[in-house]
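Novice: For the sequence shown, position 39 (counting from the first letter as 1) is numbered 39 according to full-length UniProt numbering, and the numbering increases by one without interruption.
For glycine and all other residues, C-beta sits at the position ideal for the given N, C-alpha and C.
Just so you know, these numbers come straight off a predicted model, no measurement behind them.
Sending over a structure as structure tokens; questions will come in a sec.
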Amino acid sequence: DRVKLYVRRVFITDEFDDMLPKYLGFIRGVVDSDDLPLNVSRETLQQHKLLRVIKKKIVRKALEMIKKLDDESFKKFWKEFGTSIKLGLIEDFQNKSRLAKLVRFHSSHEDGELTSLDDYVARMKKNQEHIFFVAGSSMEEVKASPFVERLLKRGYEVLYLTEPIDEY
């Protein structure tokens, strides 16, 4: 019962399993539309063209709201739901660029701090063409990688991917 649908302030349903993608499963909300018909079955309503538009707008609005969080709120959000956003990168091709702006990784730049891909790219060396990253099961493992050691000696920043979903 994540999203409740109302038409002209009349409750219609909260049984829309696909109203939001799985990766936004933590979102709760209410949609009230004046444009949907009141006297239609739930099955017909689920096929309604306007409902598809509403679904798209809900996803975009949710991602916009997440993006607008202040730094402290975003850190809390990321700690709780970061894996879900990474899952969205894999599942939601339409919103890939929006999701990519939200993703954070640990890096060699600031120990213990998370960085965005945009910030990483902004710090890249002048002729650097690639994003350097190493995946492993823990921070200790990735930091001890000989690959990381060589890159750090050359002055490159390395992203540390330590969650299983990061490898996708």
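(1) For Gly112, which residues in the same chain have their Cβ closer than 8 Å to its Cβ, ignoring the five residues on either side in sequence?
(2) Cβ atoms of Ser84 and Gly25: under 8 Å apart, would you say?
(3) Thinking just about the alpha-carbon of each residue, which of Leu36, Lys153, Tyr168 and Lys126 is nearest to the one in Leu5?
(4) Quick check on DSSP: helix, strand or coil for Ala122?
(5) Please report how far the alpha carbon of Asp70 lies from the alpha carbon of Asn39, in whole angstroms.
(6) DSSP has Val3 in a bridge; who is on the other side?
(7) From what residue to what residue does the alpha helix (DSSP H) around Val148 run?
(8) May I ask you to list the residues that DSSP assigns as paired with Arg98?
(9) Grab the span of the alpha helix (DSSP H) containing Ile12 for me, first residue to last.
(10) Would the segment 85-97 and the segment 7-26 be scored as touching if the rule is three or more Cβ pairs under 8 Å?
(11) Is the Cβ of Leu50 closer than 8 Å to any Cβ of chain D?
Specialist: In this structure, then:
(1) The answer, listed in chain order, is His106.
(2) The Cβ atoms of Gly25 and Ser84 lie closer than 8 Å to each other.
(3) The shortest Cα separation from Leu5 among Leu36, Lys153, Tyr168 and Lys126 belongs to Leu36.
(4) In this structure, Ala122 counts as helix in the three-state DSSP scheme.
(5) One C-alpha to the other measures close to 42 Å.
(6) Bridge partners of Val3: Gly29.
(7) Counted as a single uninterrupted DSSP element, the alpha helix (DSSP H) harbouring Val148 occupies residues Pro146 to Lys153.
(8) Partner(s): none; Arg98 has no beta bridge.
(9) That residue, Ile12, is in no alpha helix (DSSP H); its beta strand (DSSP E) goes Val10 to Thr13.
(10) Yes, the segment 85-97 is in contact with the segment 7-26.
(11) This model lacks chain D altogether; it includes just one protein chain.
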